[in-house]
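The listed protein sequences correspond, in order, to chains A and B.
Here the first sequence stands for residues 1 to 326, where the numbers follow the working numbering.
Here the second sequence stands for residues 1001 to 1338, where the numbers follow the working numbering.
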Amino acid sequence: MAVLAMRDALNQALREEMKRDESVFLLGEDIGLYDGSFKVTRGLMKEFGEKRVLDTPIAEEIIIGTAIGAAMSGLRPVAEMMTVNFIMVAMDQVVNAAAHIRYMFGGGTKVPLVIRTPGGGGHQLGAQHSHSHENWFAHVPGLKVVAPGTPADAKGMLKSAIRDDNPVMFIENEGTYAVKGEVPDGEHLVPLDKNEVKRAGDDITICAHSRMLIVAMDAATELEKDGISAEVVDMRALRPLDMAPVVESVKKTSRLITVEEGWRSYGVGSEIASRVYEEAFDYLDAPVARIGAAEVPAPYNKRLEKIAFPGKADVIVTAKALLGKN
Amino acid sequence: MKVEQRPADSKSKEALTDKASLLNLYREMLLIRRFEEKTAEMYQLAKIGGFCHLNIGEEATIVGTISALRQTDYVYSTYREHGHAIAKGIDPKAVMAELFGKETGTSHGRGGSMHLFSADRRFYGGYAIVGEALPIACGSGYAINYKGTDEIVMSSFGDGATNIGAFHESLNVAKLWHLPIVFVCVNNLYGMGTAVNRASAVTEIWKKACAYDMTSERVDGMDVLAVRRITDQLVAQAREKHEPSLLECVTYRYRGHSMSDPDTYRGKDEIKEWQTRDPILSLGEHMKKQKMLTDEEIERIDEEITAQVEDAVKFAEESPDPDPKDLYRDVYAGEGAA
């Protein structure tokens, strides 16, 4: 087991899958000669050549469209969108095509496609480079959506996503690429439909995915100092949404906070809260609290940006309020 | 609109003088015509729901292009694709059953008129978003090159699609990556109700390929032999040289955009004028002059094909609806995930 940064864990997954299966190829903007905007694809063009690591024009619709057609024709493409904000240009291909093709053609074909793309703010990149939109995709039947928050899960879920026969939105986060963690060597597969408890606790449940998982874990460590035992559930599998560990946890703690980096309205937390109300209402001692980004386009100014995105302090304050310990 | 044709040197003139080849083209075109006429009738009887777009008038363009392909070649089309599906070899019964929404249809009643599909016939689908299928067709082209096989891709779309970004992105990478694709623009002069000169700065669509240094041709889309000859050439170029091309077929749909189109944006005289150049009648006349066909034979062929279409309707009528318990089937591959 090696300690790897998230970007290197992803790189390892891509390299291993490309070695294992000739039909796996990568395409995207500056992923080859330039080694990738966030260096996730570093060295891969050199190792596998230009056919299997395809540098594309800056034209998102053709990237996704090409990936879909290649997937329908026997290949396993992994497309990179430089940031999730850019995918808006290709939403027709993602939703109307990738997600719907199998069903609308009566199961006559499949679309084994992975779209890797980072969301997330905090780097003063302003309103068109900073948002998180995993809820948009998680709304759509036909897509699978995952958002790992640890290097080990990043590797294991990417490998599973590449082997899956469906279009998978693989949501990364610009703020986690340098985060390090232990990563199992070689064959390490994490299922795309299983959420899990990352930290056990008794007093309150905190649900989070991607970078917010790290924020939630840090908050739980702080809360422990104040005598509050928080259980953290990693919501890495967003569609299909595995609610079992959340429901089980809420039955124990009776209190739930959801944390996401995107806007709260119609968000991941809204969905989780609804399902908890449906499945474990009688166990709750307080309304579910949702934490998310301020409902503004991401501001550039450093101080404004800091308050626009959720952080550890928000989780701590909310947890204490929910427990009446402020 | 008068069609100015650019001269296209054809290698396949020889192949198109024999009776069997011409008869095949004739029968295919007539099958599409009779199928679509019956479709209109069934739509009016409310046997078919949703939107329904007919190919009547466009038969020469469809048959002239698709007959040049092998079964293993890919065809991508639009929501006006009943004829393309039939020309690619899908049984008219399965097409009619899909229009009826039945389990025996090409897409098991999940797609309808706009989403026909056959993996076996490499008919890779009808798409209902204008221009959406062009980038996807490029993906099949990339896969062919990747695997080193010798299929080609035909991507068929209307004149309206050439005004959207996806068209330009697709032509750009097709040329850049040497994809074996023939882009076929079915220029029927209207994008829904908007005439091509009211929507496109360049009304001769073939010229749009110039920006990508791509082979392009314009052909009389009412003349099946002319369409077939030039398509043969462009298919060979795609297959042998992995060079894409754009073929503009100037044609006309006799009916409205869809069954619900009152057709108020064009004159009756215009429609009548195009009907004087009917592709099926023209080929029939040509074959009669060549002593390849008699009026009696024409009548007999028509009876056969009319019966074939009746059979398709009977099959569709008698087929079962999809089972409600299968509502969620095929949302995902390989599992029953919700």
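Think of the CB as a built atom: it goes at the ideal place given N, C-alpha and C, for glycine as much as any other residue.
Just so you know, these numbers come straight off a predicted model, no measurement behind them.
Since I believe B:E1098 is in contact with B:G1083 (beta carbons under 8 Å), could you give me their beta-carbon distance rounded to a whole number of angstroms? That belief does not hold up - the Cβ atoms of B:G1083 and B:E1098 are roughly 14 Å apart, past 8 Å.
Closest to A:R258 by CA distance: which of A:S130, A:Y34, A:P141 and A:A289 is it? First, the amino acid is wrong: residue 258 of chain A is Thr here, not Arg. Ranking A:S130, A:Y34, A:P141 and A:A289 by Cα distance to A:T258 puts A:A289 first.
Through-space distance from A:W136 to A:Y266, alpha-carbon basis: 9 Å
Run through chain B and tell me which residues come within less than 9 Å of A:Y34, C-beta to C-beta. Result: empty, since nearest Cβ-Cβ is about 17 Å, beyond 9 Å.
Using a Cβ-Cβ cut-off of less than 8 Å, give me the residues of the stretch 234 to 250 of chain A that come near chain B, in sequence order. P240
Compare the C-beta of B:K1147 against all C-beta atoms of chain A and say whether one is closer than 8 Å. yes
Contact check, A:L223 vs A:A216 under 8 Å by CB: the rounded distance? So it is not a contact: roughly 10 Å between Cβ atoms.
Chain B within 8 Å of A:F48, Cβ atoms only: no
Quick one: any contact between the stretch 275 to 288 of chain A and the stretch 99 to 106 of chain A, if contact means 3 or more CB pairs under 8 Å? no
7 Å Cβ shell around A:P297 - same chain, five flanking residues per side excluded: A127
Within-8 Å CB hit, B:S1319 to chain A: no
What is the DSSP secondary structure of B:V1196, counted as helix, strand or coil? helix
Where B:M1114 falls: helix, strand or coil (DSSP): coil
Following the continuous beta strand (DSSP E) through A:G156, name the residue where it begins and the one where it ends. Per DSSP, A:G156 belongs to no beta strand (DSSP E); it is in the alpha helix (DSSP H), P151 to R163.
I think B:V1219 touches B:L1247, with their Cβ atoms under 8 Å apart; what is that distance to the nearest whole Å? 7 Å
Output needed for B:I1305: all residues of its chain with C-beta closer than 6 Å, excluding positions within five of it in sequence on either side, in chain order. L1030, L1031 and R1034
Using three-state DSSP, classify A:V340 as helix, strand or coil. Given a span of 1 to 326 for chain A in the structure shown, any question on residue 340 of chain A remains unanswerable.
B:A1128: which of B:I1298, B:G1050 and B:M1154 sits nearest, CA to CA? B:G1050
Just tell me which of A:I204, A:T83 and A:M157 has its CA closest to the CA of A:K332. A question about residue 332 of chain A goes unanswered here, because the residues of chain A that appear run from 1 up to 326.
Inter-residue Cα distance where the pair is A:P112 and A:V317: 43 Å
Partner residues on chain A for B:T1106, Cβ-Cβ distance less than 9 Å: F105, G106 and G108
Cβ-based neighbour list, B:A1338, same chain, cut-off 7 Å, excluding 5 preceding and 5 following: Reliability of the predicted coordinates at B:A1338 is poor, the pLDDT of 39 falling under 50, and the value obtained from them is presented with this limitation in mind. Excluding sequence neighbours, B:A1338 sits near Y1328.
Roughly how many angstroms lie between the CA atoms of A:G28 and B:A1133, to the nearest whole one? 19 Å
First and last residue of the beta strand (DSSP E) that includes B:S1319? Careful: B:S1319 lies outside any beta strand (DSSP E) and carries neither H nor E.
Measuring alpha carbon to alpha carbon, tell me which of B:A1333, B:K1325 and B:A1316 ends up nearest B:G1112. B:A1316
Assuming A:D153 contacts A:A2 (C-beta within less than 8 Å), just tell me the rounded distance between them. Not quite, the Cβ-Cβ distance comes to about 15 Å (not below 8 Å), so this is no contact.
Option nearest B:P1322 by Cα separation, candidates B:T1106, B:T1194, B:K1268 and B:P1244: B:T1106
Are the beta-carbon atoms belonging to B:V1235 and B:A1060 less than 8 Å from one another? no
Assign B:S1140 to one of three DSSP states: helix, strand, or coil. helix
I want to see whether chain B comes within less than 8 Å of A:M378, judged by CB atoms only; does it? Residue numbering for chain A in the displayed model covers 1 to 326; residue 378 of chain A lies beyond these limits and cannot be assessed.
Under the three-state DSSP convention, the category B:W1177 falls into: coil
From the DSSP output, which residues share a beta bridge with A:T117? A:I171
Is the shortest distance between the beta-carbon of B:I1136 and the beta-carbons of chain A less than 8 Å? yes
The stretch 158 to 165 of chain A contacting the stretch 117 to 124 of chain A, beta-carbon criterion three pairs below 8 Å: no
First and last residue of the alpha helix (DSSP H) that includes A:P394? With chain A covering 1 to 326 only, the question about residue 394 of chain A has no answer from this structure.
Whose Cβ in chain B lies nearer than 9 Å to the Cβ of A:F25? Y1142 and Y1146
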